[in-house]
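As C-alpha cells, the structure follows; a few thoughts come after it.
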Amino acid sequence: MSQSYRPKRVKNNRKGPGATLPLLIAAAAVCVCLLLIPSAGKSAPPAAAVTPSVQPEVSPSQAVTEPSAAPSESPATEATPEPTPMPAPSPAAVFDFTQPVPQSEPVEMDYFSDALFIGDSRTDGLQIYSGIKGATFYCYKGLNIFDMSKRQVVEMNGGKYTVVEALEKGPQYKKIYISLGVNELGYPGTDSFYKAFKSFLEEVKAAQPDAIIYLQNLVPVNPEICAQKNQPSYVNNDRVADFNEVFPKLAEECQVALVDVKTALSDENGILPAEATVDGVHFTKAWYQKWLEYLMCHTVTPEAYQAGQTAAQ
Numbered sequence: 001m002s003q004s005y006r007p008k009r010v011k012n013n014r015k016g017p018g019a020t021l022p023l024l025i026a027a028a029a030v031c032v033c034l035l036l037i038p039s040a041g042k043s044a045p046p047a048a049a050v051t052p053s054v055q056p057e058v059s060p061s062q063a064v065t066e067p068s069a070a071p072s073e074s075p076a077t078e079a080t081p082e083p084t085p086m087p088a089p090s091p092a093a094v095f096d097f098t099q100p101v102p103q104s105e106p107v108e109m110d111y112f113s114d115a116l117f118i119g120d121s122r123t124d125g126l127q128i129y130s131g132i133k134g135a136t137f138y139c140y141k142g143l144n145i146f147d148m149s150k151r152q153v154v155e156m157n158g159g160k161y162t163v164v165e166a167l168e169k170g171p172q173y174k175k176i177y178i179s180l181g182v183n184e185l186g187y188p189g190t191d192s193f194y195k196a197f198k199s200f201l202e203e204v205k206a207a208q209p210d211a212i213i214y215l216q217n218l219v220p221v222n223p224e225i226c227a228q229k230n231q232p233s234y235v236n237n238d239r240v241a242d243f244n245e246v247f248p249k250l251a252e253e254c255q256v257a258l259v260d261v262k263t264a265l266s267d268e269n270g271i272l273p274a275e276a277t278v279d280g281v282h283f284t285k286a287w288y289q290k291w292l293e294y295l296m297c298h299t300v301t302p303e304a305y306q307a308g309q310t311a312a313q
C-alpha cells in the first residue's frame with residue numbers, strides 16, 4: 001500500500017450527552033402545556049353561554065333610529081310643549097225679525113248702488129231731496145199697496161210695467177226698501193191692507209230671492225198743518241197708529257227687516273214736527289236727509305239676514 005493513500009474517516013453522528021439536553025427540556029415544556037390547556041378551557045365558557053341579562057335589551061325603535069346628535073337635555077327633563085288651543089268660532093249673528101233693525105255702523109253711499117226703493121210720493125221726495133246716489137226707484141205719486149200688480153208706473157227697457165212685473169223682469173237687487181201706507185189711510189180697517197201687503201211681500205221675495213227686504217213703517221203727520229193745508233180727514237195720526245200695528249206682524253210673518261223710521265222722524269210727542277213738513281205729510285229737504293242718514297245707520301248684514309231666515313223655518 002502506498003504511503004500516500006490515507007483512508008477517510010467515518011464521522012460519528014451520534015451526539016454526546018451535551019447535545020440531547022436541550023431536546024429533553026423542550027419535551028418537558030410541551031408536556032406542561034398539554035396539562036395546563038384543559039384546565040384553562042374550563043375557566044372561560046364559550047361566548048354562546050354568556051347570560052343575555054348581562055347586556056340591556058334594546059327596543060326595535062331604539063335599534064332602528066339613532067339620533068345624529070345628543071340632545072341638549074335628557075328625555076326625562078325635556079318639557080313637551082302644550083298645543084295652542086284654537087279659539088272657538090264666534091256664532092254667526094242671527095237677525096230677529098220680531099224687532100226693528102238696530103243701530104249699526106254707518107254705511108257708505110255706494111251701499112245703495114244695488115238697492116231698490118218702492119214707494120209713493122214720500123219715497124219720490126227721498127229720491128229728489130236726500131242726496132242719495134246709486135239707488136233705483138219704483139215710486140209714483142199716489143201709489144198704494146193695491147196698485148202693485150195693476151198700475152204701470154215703472155219705465156224700463158222702453159216699456160211700462162207694474163211694480164211686480166218690473167221685479168220679475170228687471171235687474172236683481174241686494175236690498176229693497178218699501179215705504180207705503182199714506183195713500184191707504186182712507187180704506188176702512190186694516191185687514192185688506194195687511195192681506196194685500198203680505199201677498200206683495202211674498203211676490204217680492206219670490207222675484208228677488210237674494211235681496212234683503214227692508215219694510216219701513218209709517219211716519220206720522222202733523223195734524224195742525226194738515227188742517228191748514230186741507231188734507232183729507234182720514235189723514236190723521238190715529239189711522240197712522242192703526243197701520244203701524246200691522247208692520248211688525250208683517251215683518252215677523254214674512255221674515256223681512258222692519259225699519260222704525262216712525263220713531264226716527266217723529267218728535268217727543270210722536271208727531272211730525274212742524275219744521276219738518278211743508279204740508280203736514282211730506283218732508284222738508286232736511287228731513288229727507290235725516291231719513292237717509294237713519295237708513296245708513298240701520299242696516300242688516302246678508303249673513304245675519306239669511307241666518308234669521310234659516311232660524312225661523
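Using the UniProt record's numbering, the letters of the sequence shown correspond one by one to residues 1 to 313. Quick reminder that beta carbons are idealized off the backbone N, C-alpha and C, glycines included. Here the structure is a predicted model, which is why all the values come from computation and not from measurement.
A residue is called buried once 16 or more other Cβ atoms fall within 10 Å of its Cβ, and I128, having fewer, is exposed. Here the alpha carbon of S130 sits roughly 33 Å from the alpha carbon of P188. Rounded to whole angstroms, the separation of the alpha carbons of M156 and G170 is 8 Å. When only Cα atoms are considered, M148 and Q99 end up about 26 Å apart. With fewer than 16 other beta carbons inside 10 angstroms of its own, K141 counts as exposed. For the pair F243 and F283, the CB atoms are not nearer than the 8 Å cut-off. By the 16-neighbour rule on beta-carbons within 10 angstroms, K195 is exposed.
Rounded to whole angstroms, K205 and Y177 show a C-alpha spacing of 12 Å.
M156 is bridged by DSSP to G159. Membership of I178 in the beta strand (DSSP E) is indicated by the continuous run 175-179. Taking 8 Å as the upper bound for CB-CB distance, F97 and Q255 are in contact here, some 5 Å apart. DSSP, read as helix, strand or coil, puts L116 in strand. Runs of alpha helix (DSSP H) with 4 or more residues, each lying fully within the segment 101-152, are found at 121-129, listed in chain order. Pairing V219 with A311, the inter-Cα distance amounts to about 30 Å. Assignment of I271 by DSSP, reduced to helix, strand and coil, places it in the coil class. Pairing L250 with Q103, the inter-Cα distance amounts to about 21 Å. The C-alpha of G158 is placed about 36 Å away from the C-alpha of D260.
For a cut-off of 8 Å, the C-beta gap from A257 to Y214 is around 5 Å, short enough to register as a contact. Between V246 and V221, the C-beta spacing is not below 8 Å.
By the neighbour-count criterion, in which 16 or more other beta carbons inside 10 Å mark a residue as buried, V101 falls on the buried side. Here Y294 is not near L126, since their CB atoms are 8 Å or more apart.
Take the alpha-carbon of G270 and the one of P223: they are about 11 Å apart. Shown here, L215 sits in a strand according to DSSP, grouped into three states.
In the three-state reduction of the DSSP assignment, A93 falls in the coil class, being assigned neither a helical nor a strand state. DSSP, reduced to helix, strand and coil, places T277 within a strand of the structure shown.
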